[in-house]
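Trainee:
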Amino acid sequence: MIRKSLSNLLSFKRPTESVEEMGSRPLMMPFSGGGCDRCGKCVDVCPVNAISVSDEWTIDLGKCIFCMDCISSCPGSVITEVPAPLYALRREDLIFRESDPPRESEGTVDAEKAGVIGSSMAIRELDTGSCNACEAEVSCISAPHYDIGRFGIKIVASPRHADMLLVTGPMTNNMWRAALETYEAMPAPKAVAAMGTCAISGGIFAEGDVFGEGVKDTMDVDLFIPGCPPPPERVILAILKAFGRQ
Amino acid sequence: MIVTDTTSCDSDLLAQYVKTYYSDGWRMISMFASESYPGATINVLLRRGGEIMRITSEVVDSYPAVAAQVPAASLFERVIYEMNDIHPDGHGNLIPAIYWRKGDGHPLQKRPYDTYNEIRIPIPNNPIRGTGVYEIPVGPVHAGVIEPGHFRFSAAGEPILHLSIHLGYNHKGIEKMMEGPVSKNRTYLAERISGDNAVAHGLACAHIMEGEAEIPDRARRIRVILAELERIHNHLDIVAGLCTDSAFVVAAAYGAEVREELLRTNRRIFGSRLLMGNIVPGGVKRDLSDGDMSELESAVMKVGFGAKKLDGYIRKTPSIVDRLETTGILSNENALRYETVGVIARASGIRSDVRAEVPYDAYGDLSFSLITRDKGDVMSRCAVRVDEIAESVSLILQCLAEMEEGEIRTDFKTPDGFSCGLVESPRGELVHSADIRDGRIWRYNIRDPSFVNWPSMETAVMDNIVPDFPLINKSFGLSYSGNDV
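Read top to bottom, the protein sequences are chains H and V. Take the first sequence: its position 219, counted from the start at 1, is 219 in the working numbering, and no numbers get skipped. Counting the second sequence from 1 gives a position; the working numbering is that position plus 1000.
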């Protein structure tokens, strides 16, 4: 009976997606393509103060939680949905202005790191106080649809085995010491990726009981992956591209 | 939801009052202090079926502990001591619950304070000593993709003699951030109290903000659809996770596949895989088109079928059944004593479900059955979850079948005073309560079901072997973030 049920199960078609298929579902972000009269309505509704109109219309994707309230509040309907970049290597690359629209991400992390750990990577996921939505998404990346193992990437149990720390959460005051110890326990060369809005800037918890503004104030971050939470395919694609695998 | 009845009493009599209500069948659902410097009000919320009672008591800086008479108050009073610096006299066990830094900073005090004093209170060792007894500290950084928490096992050989759970690493001060003018939209923050229960937390917050406003029928039905979709993906995650933790990777992969299909449907229809940003005070954000409804209908039916098939794989594999049965037993007696809620209580034979007892949104018009089991082991919790998925599918289909055209949002006014929002989250009874004074939220209290369920795990793991702990932990499926807020 067991054999029957198992063979029945294995005959189920595995829908593992190719890189192209994964890339076909963009994450949309709000952006004003031009014509903003700086009325400030979007600034008032933004729950995380990601938008500023003091100089020109500016959005900080590292703070955005993708609620899209700015789009519905805009009286002139100039704010529209545009595809968000996959990743950024520097924090300031996530700030977009009307004159500096979001582009496709390019460039790789430090050449030495990309060369040494890029082809076979062990990731240690570290929660520094996230709301557990990022964990729900990270646990999907080894599931059949995404199957991160086929790229030579795996999630490991100990920081001692890890090449990269995938950090989620706003770095709470109660957690930052343990987070730092985890970082120090990793062998060099080591990379750090900040996944999700909280890890990038503190996000919606920036005014709470958190240490600094995101993970970058505790450790050196090589890769920022925006999203709240970023869907699993974007985490995979960002890692592949930023480490020169695509 | 406005509280049905309010009484106040002298702080010396508070414990006696609560105890009297307890003997009358009332049960504590939340307890917190609302400061008005100088002094504070201790609020105790009790529930019996559909009635909610609030007992208030004015205190200055200490009062006789309720926990001395009613053990359920113990954890709440530890938090009151940490957050508001009000000392419950005679409590007996004031070790840190979620906030560890001592000194000037008591985060929910209204009295201004300067800086945090960075003295960490050390986590106490387990009190178990003896030949061959050793202690295994685990965490806060665990082996899996999981939230941070610290566990200390005392074991002799393999069996666990004692477990103490120390949480708080996820504390972000959300209750403090919730304070402020009522006009601010708080559902986005509420959703991120525990991201996988985003709809439930958003709903509880929306219920408070809406007051007595009449929510359009269509919005109420869409809310039920959202809440049940969330229940399905949470339950599927845990059932699949049980397969992973018992090394049954084939079924785990199948479960993950079914869940992923549902999450993708969520993203196509509601714009977010975890359904974030859909609940707004006064209704819902997105309307469903006819195309969406038929897509949703076929998707949930497929998921219901998938869940049944997943359950079949577990039941037809004797080695897995052997692993799940009689593991991590939470007896009915202990489940009652620890006042557990939600799936964990139902798997131990307690018939309690907010959806049936205090119907909110469209649940009053829908029919569903309450799933219970009596053994209280990992298998029972798994079975309750599987059966609840089928109930959720039926609820969604009922909502879709009777969906009428209409508005999805309405205007509302947040009333002053005390109000609370009760929701059955996928984890169990969730309580948000707010003290609103002059159009400002003065104190916002969040009680996630995990908060009351965590201590019961300390008794469920007793006499089980250490390698079964991940399995038991997964079958409880508790949130660290929701506990620590």
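Each residue gets a CB set at the ideal place from its N, CA and C atoms; glycine is no exception.
What do you reckon, are the CB atoms on Val-235 (chain H) and Met-195 (chain H) nearer than 8 Å?
Mentor: Yes, the pair counts as a contact, with Cβ atoms nearer than the cut-off.
Trainee: Could you name the residues of the stretch 24–44 of chain H whose beta carbon sits closer than 7 Å to any beta carbon of chain V, in the order they occur along the chain?
Mentor: Within the stretch 24–44 of chain H, no residue has a Cβ that lies closer than 7 Å to any Cβ of chain V.
Trainee: Below 8 Å, how does it come out for the stretch 1201–1215 of chain V and the stretch 57–64 of chain H: are there three or more Cβ pairs, yes or no?
Mentor: They do not touch, by the three-pair rule.
Trainee: Who are the neighbours of Ile-204 (chain H) on chain V, taking C-beta pairs under 7 Å?
Mentor: Near Ile-204 (chain H) (Cβ distances below 7 Å), the residues of chain V are Tyr-1188, Leu-1189, Arg-1192.
Trainee: In chain V, what lies closer than 9 Å to Val-138 (chain H) by C-beta?
Mentor: What Val-138 (chain H) touches in chain V: Val-1145.
Trainee: Taking 8 Å as the CB-CB limit, is Pro-1140 (chain V) close to chain A?
Mentor: Although the question refers to chain A, the structure presented lacks it and instead comprises the protein chains H and V.
Trainee: List, in order along the chain, the chain V residues whose C-beta lies closer than 7 Å to that of Ala-111 (chain H)?
Mentor: Here the premise fails: no neighbours, minimum Cβ distance about 29 Å.
Trainee: Counting contacts by CB-CB distance shorter than 8 Å, is Ala-1247 (chain V) in contact with chain H?
Mentor: It does not; no Cβ of chain H falls within 8 Å.
Trainee: Any beta carbon of chain V sitting closer than 8 Å to that of Ala-162 (chain H)?
Mentor: Closer than 8 Å: no.
Trainee: I need the boundaries of the beta strand (DSSP E) containing Phe-1270 (chain V), first residue and last residue.
Mentor: No beta strand (DSSP E) holds Phe-1270 (chain V); the alpha helix (DSSP H) holding it covers 1249–1270.
Trainee: Output the residue ranges of the alpha helix (DSSP H) runs that lie fully inside the stretch 178–214 of chain H and measure 4 residues or longer, sorted by chain position.
Mentor: Here the runs fully enclosed are 196–201.
Trainee: Measuring CA to CA, which of V:Leu-1161, V:Ile-1146, V:Phe-1153 is closest to Ser-158 (chain H)?
Mentor: Nearest C-alpha to Ser-158 (chain H): V:Ile-1146.
Trainee: On the criterion of 16 or more Cβ atoms from any shown chain inside 10 Å, does Asn-8 (chain H) qualify as buried, or is it exposed?
Mentor: Summary for Asn-8 (chain H): the model assigns pLDDT 48, below 50, so the residue's position carries little reliability, and this model does not support an answer.
Trainee: Would a C-beta distance cut-off of 8 Å place Pro-1088 (chain V) and Ala-1065 (chain V) closer than the cut-off?
Mentor: Taking 8 Å as the Cβ cut-off, Pro-1088 (chain V) and Ala-1065 (chain V) qualify as a contacting pair.
Trainee: Which same chain residues, not among the five before or five after Glu-1009 (chain V), have their C-beta less than 6 Å away from its C-beta?
Mentor: The sequence given here has Cys at residue 1009 (chain V), not Glu. Once the five neighbours on either side are set aside, the close Cβ partners of Cys-1009 (chain V) are Tyr-1017, Ser-1057.
Trainee: Could you give the DSSP three-state label for Glu-17 (chain H): helix, strand or coil?
Mentor: In the structure shown, Glu-17 (chain H) sits in coil (DSSP, three-state: anything other than H, G, I, E or B).
Trainee: Pull up the distance between the alpha-carbon of Val-82 (chain H) and that of Val-1300 (chain V), whole angstroms please.
Mentor: The straight-line gap from Cα to Cα measures roughly 30 Å.
Trainee: Under 8 Å, do Asp-163 (chain H) and Ala-193 (chain H) count as touching if we go by C-beta distance?
Mentor: For Asp-163 (chain H) and Ala-193 (chain H), no; Cβs fall outside 8 Å.
Trainee: Check whether the Cβ of Phe-1469 (chain V) lies closer than 8 Å to any Cβ atom in chain H.
Mentor: Chain H, which has no Cβ nearer than 8 Å to the Cβ of Phe-1469 (chain V), makes this no.
Trainee: With DSSP run on the structure shown, which of helix, strand or coil describes Arg-125 (chain H)?
Mentor: Residue 125 (chain H) is actually Glu in this sequence, not Arg. Strand, per DSSP.
Trainee: Distance cutoff 8 Å, beta carbons only. Does Pro-1107 (chain V) sit that close to anything in chain H?
Mentor: Closer than 8 Å: yes.
Trainee: Would you say Ser-1456 (chain V) lies against chain H (beta-carbon separation less than 8 Å)?
Mentor: It does not; no Cβ of chain H falls within 8 Å.
Trainee: List the residues of chain V whose Cβ lies closer than 9 Å to the Cβ of Glu-81 (chain H), in chain order.
Mentor: What Glu-81 (chain H) touches in chain V: nothing, since even the nearest Cβ is about 10 Å away.
Trainee: Does any residue of chain V bring its CB to less than 8 Å from the CB of Cys-64 (chain H)?
Mentor: By this cut-off, Cys-64 (chain H) is not an interface position.
Trainee: Kindly examine the ligand GDP and report whether one of its heavy atoms sits closer than 7 Å to the Cβ of Gly-227 (chain H).
Mentor: The ligand GDP is not part of this structure, which contains no ligands at all.
Trainee: Excluding the five sequence neighbours on either side, which residues of its own chain have a C-beta within less than 7 Å of the C-beta of Ser-1456 (chain V), listed in chain order?
Mentor: Correct list, in chain order: Leu-1330, Asn-1334, Ala-1335, Tyr-1338, Thr-1340, Ile-1344.
Trainee: Could you check whether the stretch 1225–1239 of chain V touches the stretch 112–129 of chain H, counting it as contact only if at least three pairs of C-beta atoms, one from each stretch, sit closer than 8 Å?
Mentor: Not touching, per the Cβ criterion.
Trainee: Going by C-alpha to C-alpha distance, which of V:Thr-1004, V:Ser-1034, V:Gly-1255 sits closest to Ile-1441 (chain V)?
Mentor: With distances taken between Cα atoms, Ile-1441 (chain V) lies closest to V:Ser-1034.
Trainee: Can you pull the chain V neighbours of Asn-174 (chain H), defined as C-beta to C-beta under 7 Å?
Mentor: The contacting residues are Trp-1100, Gly-1168, Tyr-1169, His-1171.
Trainee: I'd like the ranges of any beta strand (DSSP E) spanning at least 3 consecutive residues and lying wholly in the stretch 66–120 of chain H.
Mentor: You should have 79–83, 95–97.
Trainee: Answer yes or no: do Ile-1160 (chain V) and Pro-1124 (chain V) have a C-beta to C-beta separation smaller than 8 Å?
Mentor: No, Cβ-Cβ distance for Ile-1160 (chain V) and Pro-1124 (chain V) is not below 8 Å.
Trainee: Are the C-beta atoms of Asp-1196 (chain V) and some chain H residue less than 8 Å apart?
Mentor: Yes, Asp-1196 (chain V) counts as interfacial toward chain H.
Trainee: Ignoring anything shorter than 4 residues, give me the alpha helix (DSSP H) runs that lie fully in the stretch 1017–1090 of chain V, in order along the chain.
Mentor: Runs of the alpha helix (DSSP H) inside the stretch 1017–1090 of chain V: 1074–1084.
Trainee: For the structure I just gave you, are there three or more beta carbon pairs, one from the stretch 1245–1257 of chain V and one from the stretch 1424–1442 of chain V, closer than 8 Å?
Mentor: With a cut-off of 8 Å, the stretch 1424–1442 of chain V and the stretch 1245–1257 of chain V do not count as touching, because too few Cβ pairs lie within range.
Trainee: Determine the DSSP secondary structure at Ala-1156 (chain V), reduced to helix, strand or coil.
Mentor: Strand at Ala-1156 (chain V).
Trainee: Quick one: list the residues of chain H neighbouring Glu-1407 (chain V), beta-carbon separation under 8 Å, in chain order.
Mentor: Going along chain H, no residue has its Cβ under 8 Å from Glu-1407 (chain V), so there is no contact; the nearest lies around 16 Å.
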